[in-house]
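Accompanying notes for the structure given below.
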Amino acid sequence: MSSNSPILDPKCPGGDIETRWDRHRFAMKQVNPANKRKFHIIVVGTGLAGGSAAASLAELGYRVTSLCIQDSPRRAHSIAAQGGINAAKNYPNDGDSVFRLFYDTIKGGDYRARESNVYRLAQVSNNIIDQATAQGVPFAREYGGHLANRSFGGAQVSRTFYARGATGQQLLLGAYAAMNRQIQAGRIDMRCRREMLELVVVDGVARGVIVRNLITGAYERYAGDAVLLCTGGYGNAFYLSTNAKNSNVTASWRAYKRGAFFANPCYTQIHPTCIPVSGDHQSKLTLMSESLRNDGRVWVPKAAEDKRPASQIPEEDRDYYLERRYPAFGNLVPRDVASRAAKERCDAGFGVGSSSMAVYLDFADAIDRDGEDAVRAKYGNLFHMYQKITDENPYESPMRIFPAVHYTMGGLWVDYNLESTIPGLFVLGEANFSDHGANRLGASALMQGLSDGYFVIPYTVCGHLAGRHLQPVTTQHEAFAEAESEARSQTEKLLAVGGSRSVDSFHRELGLTLWDDCGMARSEKGLKHAIGKIAELRAAFWNDVRVLGEEKDLNQSLEKAGRVADFLEFAEVLVKDALNRTESCGGHFRLESQTEEGEAKRDDENFSYAAAWEYQGTGQDAVLHKEPLAFEYVQLAQRSYK
Amino acid sequence: MSAEKTMKLNLKIWRQKNADSNGSIEDFQLDGVSTDMSFLEMLDVLNEQLISAGREPIAFDHDCREGVCGCCGAVVNGQVHGPDEETTLCQLHMRRFHDGDTIQIEPWRSRAFPVIKDLIVDRTAFERIQQAGGFVSVSTGSAPDANTISIPTRDAEKAFDFAECIGCGGCVAACPNGAAMLFTAAKVAQLVTLPQGKLERSSRVLTMVERMDAEGFGDCTNHYECSAACPKGVPIEAIAVMNREYLRATFLSPEGA
Ligand SMILES: Cc1cc2nc3c(=O)[nH]c(=O)nc-3n(C[C@H](O)[C@H](O)[C@H](O)COP(=O)(O)OP(=O)(O)OC[C@H]3O[C@@H](n4cnc5c(N)ncnc54)[C@H](O)[C@@H]3O)c2cc1C
Ligand code: FES
Numbered sequence: 004m005s006s007n008s009p010i011l012d013p014k015c016p017g018g019d020i021e022t023r024w025d026r027h028r029f030a031m032k033q034v035n036p037a038n039k040r041k042f043h044i045i046v047v048g049t050g051l052a053g054g055s056a057a058a059s060l061a062e063l064g065y066r067v068t069s070l071c072i073q074d075s076p077r078r079a080h081s082i083a084a085q086g087g088i089n090a091a092k093n094y095p096n097d098g099d100s101v102f103r104l105f106y107d108t109i110k111g112g113d114y115r116a117r118e119s120n121v122y123r124l125a126q127v128s129n130n131i132i133d134q135a136t137a138q139g140v141p142f143a144r145e146y147g148g149h150l151a152n153r154s155f156g157g158a159q160v161s162r163t164f165y166a167r168g169a170t171g172q173q174l175l176l177g178a179y180a181a182m183n184r185q186i187q188a189g190r191i192d193m194r195c196r197r198e199m200l201e202l203v204v205v206d207g208v209a210r211g212v213i214v215r216n217l218i219t220g221a222y223e224r225y226a227g228d229a230v231l232l233c234t235g236g237y238g239n240a241f242y243l244s245t246n247a248k249n250s251n252v253t254a255s256w257r258a259y260k261r262g263a264f265f266a267n268p269c270y271t272q273i274h275p276t277c278i279p280v281s282g283d284h285q286s287k288l289t290l291m292s293e294s295l296r297n298d299g300r301v302w303v304p305k306a307a308e309d310k311r312p313a314s315q316i317p318e319e320d321r322d323y324y325l326e327r328r329y330p331a332f333g334n335l336v337p338r339d340v341a342s343r344a345a346k347e348r349c350d351a352g353f354g355v356g357s358s359s360m361a362v363y364l365d366f367a368d369a370i371d372r373d374g375e376d377a378v379r380a381k382y383g384n385l386f387h388m389y390q391k392i393t394d395e396n397p398y399e400s401p402m403r404i405f406p407a408v409h410y411t412m413g414g415l416w417v418d419y420n421l422e423s424t425i426p427g428l429f430v431l432g433e434a435n436f437s438d439h440g441a442n443r444l445g446a447s448a449l450m451q452g453l454s455d456g457y458f459v460i461p462y463t464v465c466g467h468l469a470g471r472h473l474q475p476v477t478t479q480h481e482a483f484a485e486a487e488s489e490a491r492s493q494t495e496k497l498l499a500v501g502g503s504r505s506v507d508s509f510h511r512e513l514g515l516t517l518w519d520d521c522g523m524a525r526s527e528k529g530l531k532h533a534i535g536k537i538a539e540l541r542a543a544f545w546n547d548v549r550v551l552g553e554e555k556d557l558n559q560s561l562e563k564a565g566r567v568a569d570f571l572e573f574a575e576v577l578v579k580d581a582l583n584r585t586e587s588c589g590g591h592f593r594l595e596s597q598t599e600e601g602e603a604k605r606d607d608e609n610f611s612y613a614a615a616w617e618y619q620g621t622g623q624d625a626v627l628h629k630e631p632l633a634f635e636y637v638q639l640a641q642r643s644y645k
Numbered sequence: 003m004s005a006e007k008t009m010k011l012n013l014k015i016w017r018q019k020n021a022d023s024n025g026s027i028e029d030f031q032l033d034g035v036s037t038d039m040s041f042l043e044m045l046d047v048l049n050e051q052l053i054s055a056g057r058e059p060i061a062f063d064h065d066c067r068e069g070v071c072g073c074c075g076a077v078v079n080g081q082v083h084g085p086d087e088e089t090t091l092c093q094l095h096m097r098r099f100h101d102g103d104t105i106q107i108e109p110w111r112s113r114a115f116p117v118i119k120d121l122i123v124d125r126t127a128f129e130r131i132q133q134a135g136g137f138v139s140v141s142t143g144s145a146p147d148a149n150t151i152s153i154p155t156r157d158a159e160k161a162f163d164f165a166e167c168i169g170c171g172g173c174v175a176a177c178p179n180g181a182a183m184l185f186t187a188a189k190v191a192q193l194v195t196l197p198q199g200k201l202e203r204s205s206r207v208l209t210m211v212e213r214m215d216a217e218g219f220g221d222c223t224n225h226y227e228c229s230a231a232c233p234k235g236v237p238i239e240a241i242a243v244m245n246r247e248y249l250r251a252t253f254l255s256p257e258g259a
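Line by line, the protein sequences give chains A and B.
Counting in the numbering used here, the first sequence runs from 4 upward without gaps.
Counting in the numbering used here, the second sequence runs from 3 upward without gaps.
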């Protein structure tokens, strides 16, 4: 790849990192309170990022239109987050601080995130806990009545706040309640069962969206002064993932095709503790929260040929390989490290269970120490879920787990203001790329989504609204007609193919290709193979897909078909990004680049940048732009959890 | 894991083109259903079979498939979310059924939840109940440090039991009167159990109950079917709390402390 790629400027303020955000807010143009109601903001997505943004902006007086796929904003994928949310409160008095959270996040991300953003994230983390508590989110409490904390991977302090095993649910219901208050007040116009299919750009500025009404099939146009994409991650490109079934890349992809750069798509997170695949019918994978590694110990038999049931394998014949390899962090190493270690054991023939593609997560010691009731109080819903799916009782025998696609660190490129390369298009939450580098630490996605929505966008959107002299635009503008006809023609094309294979069959095949060639380990050969395979699949899809039903109707096959068509295009950029990055970092492990102990080996000299891809038209290679990453506060080092 | 087996099923499924048309039960035969499949995966397999036969697949709401988003739901052989206790439809597994079984699958039935298509119903009445008052009026940025509000573990746990509601609508479908008491009460009870929610307790219960009544849900006549069917085990006690709060708000000062 050419070394003279164009350079991207993230527009971070300089100077002392502690005061950057303050100074930036002060320097930004303001919208005066009376003028706020003149501006209309379109928020796509109602997860933690979109929900918190919509509510906060409406509280400030902006007119907001909110859109989501599900029949209620409360059902966004964020609802499924289990384990917790980080903040630098230091309530346990164990040495946490804003700087430590910042440091852990940069290091956890394998030095591929932007310092300024991450510092700001750590700074506002505490406000999130205050806000959610005031809304009535029932966080876990100590007996004295104060908030409780637990530990997550990649940190040696306890900074994770939680609500049993349903932290995402409770935080989302908090944001949802805040939205409801604004819907009732008439400041949010909430439109459910809508899917954004196109972004509308007028004079180079994002001014609206085209959506399909998922009940009637009608196309609808929404015009506004700014568009916020809060549409989540693209993990479902792999078909099997822990994401909700409707999670997709469509909104981001269509924005990409209109000029928003896509950054670091190869950074995908494979979570170490998920319930293993059980058969061809499998439609999704279920996460067992990272919080379980507080009390669960990961092991496999010491001898590959040892096929005894777990309960009959004595202590001395077990290999607690995380504790053995990483004595300092033990079972709480970051996710990328834990996943690779599990894969290494299974590939070497030590895997357990009928498929031999699993390792044990064992709670026997915790149950002995604290009693079954204490374990149930912390993890009851997770154990219940495990038992439902596997028909095994994890209080009696260890869980069998294996890594699965879970989260995507890559996303649309945004600057310090969370603005994409299309002015007026802001990207929040998992849909953007900015804060987690090449690997996200547990309990940091909820923190980032809510930070973006509650505490960043309400300020940074002002710079756009007050700073650019926006002319009024209505849905009668020709750009809306053009975008609508684009969306419509894609739908018509899908219905017209009339082939023989279902959408899901293509999606599964794509997923398998990505998992095999661009999953936990990647090589030049595999990636090149994937590129060929994806092109073949895409051609086959447009030749042979069968989408039944009508356009002007509730049509779930058609919805899926549109999303899979986009995944088939997007996957190519994902794989090409992985091919370009010949170093290993975080979740991106290139077989060609490892240390003698088999750990990820970075190449800071050549790859200390965020890779942002610019669309060049169908069939053309995307152009790489680089945002150089400078580390002024954290010293670059080979990550070690030993 | 119990050994995987496969079975053959007779399915009787409600099909309805749209809100304006009449629906009816259709029969399907499905072979090779694995005991390891979830109920929704069984429907996926049926849908693949329908697609290859050129028939439109069955529409059903689903998303998380982990029992927390509240999208899924159907009446299975007369039981809301099927036969397992505290289990959403997506978490129900086929090992619960036997080779040769006949399974009838229908959408939620309630005046307030019109059918949109096949197994999908319109639950927007629930949204309007929440919008009427299911919140604490605290704007972003105005919250005090979280530890200034200290809450006994018992209350936090109690509030959580109520807060677990996923808004699936199973309680309404299970109630012989189609009442939405448990759903509404879960939010009222959660917020009144916590100090943060006490300030608006009177106006909240009054506006939410008023909205609930206006949406065409039935009256509660203490059948307790709602709580028995609830996939999250939201305790029936919520309804007692709401009734108490309602009386209190009606007979004491409207915004009494
Ligand atoms: C099982 C699981 C457990 C997790 N646990 C944790 C945890 O304990 N701690 C943690 O920090 N993180 C956790 N995560 C990660 C975290 O939950 C997500 O990263 C985060 O919730 C994403 O929030 P979001 O607001 O960006 O997007 P989402 O919650 O994914 O919301 C996306 C929204 O966009 C809408 N949408 C998408 N596309 C369109 C379109 N085209 N048109 C209209 N609307 C659209 C959807 O309807 C939805 O409303 C977990 C993730 C999973 C999968
Ligand atoms: S699909 Fe989410 S609860 Fe069943």
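Every residue, glycine too, gets a C-beta built ideally from N, C-alpha and C.
Minimum Cβ-Cβ distance from residue i to chain A less than 7 Å
| i | result |
| --- | --- |
| B:N149 | yes |
| B:M9 | no |
| B:C66 | yes |
| B:E202 | no |
| B:T90 | no |
| B:D101 | no |
Proximal residues of chain B, C-beta to C-beta of residue i below 9 Å
| i | result |
| --- | --- |
| A:Y94 | A148 and N149 |
| A:H284 | V35, S36, D38, M39, S40, E43, M44, D46 and V47 |
| A:S560 | N49, I53, E58 and P59 |
Contacts that residue i makes with chain A (C-beta to C-beta distance below 9 Å)
| i | result |
| --- | --- |
| B:L184 | Correct list: empty, because the minimum Cβ distance to chain A is about 16 Å. |
| B:M214 | Simply none; closest approach about 14 Å. |
| B:D29 | Correct list: empty, because the minimum Cβ distance to chain A is about 20 Å. |
Whole-angstrom distance between residue j and residue i, CA atom to CA atom
| i | j | result |
| --- | --- | --- |
| A:K32 | A:I425 | 19 Å |
| B:A259 | A:W416 | For B:A259, the predicted structure reports a pLDDT of 43, less than 50, and the residue's modelled location is therefore unreliable. The matter cannot be settled from this model. |
| A:F155 | B:S139 | 32 Å |
| A:A143 | B:S152 | 11 Å |
| A:N152 | A:D25 | 28 Å |
| A:D368 | B:E159 | 26 Å |
| A:T136 | B:K7 | 48 Å |
| A:D192 | A:H149 | 37 Å |
| A:F105 | A:Y122 | 5 Å |
| A:E198 | A:V67 | 17 Å |
| B:E202 | A:Y165 | 25 Å |
| A:I131 | A:Y462 | 16 Å |
| A:R194 | A:D607 | 46 Å |
| A:Y65 | A:G189 | 11 Å |
| B:N79 | A:G171 | 33 Å |
| A:K305 | A:A361 | 14 Å |
Residue-level contact to chain B via CB, residue i, 7 Å cutoff
| i | result |
| --- | --- |
| A:Y382 | no |
| A:N249 | yes |
| A:N183 | yes |
| A:T108 | no |
| A:G414 | no |
| A:S667 | Coverage of chain A is limited to positions 4 through 645, which leaves residue 667 of chain A absent and any answer about it impossible. |
| A:Y457 | yes |
Contact set between residue i and chain B, taken where Cβ atoms lie within less than 7 Å
| i | result |
| --- | --- |
| A:G552 | E58 |
Residues bridged to residue i [DSSP beta-bridge criterion]
| i | result |
| --- | --- |
| B:I107 | B:I15 and B:V78 |
| A:D322 | A:V303 |
Checklist entry - Taking Cβ-Cβ distances below 9 Å as the criterion, which residues of the region 142-154 of chain A are in contact with chain E? => result Protein chains in the displayed structure are A and B, and chain E is not among them.
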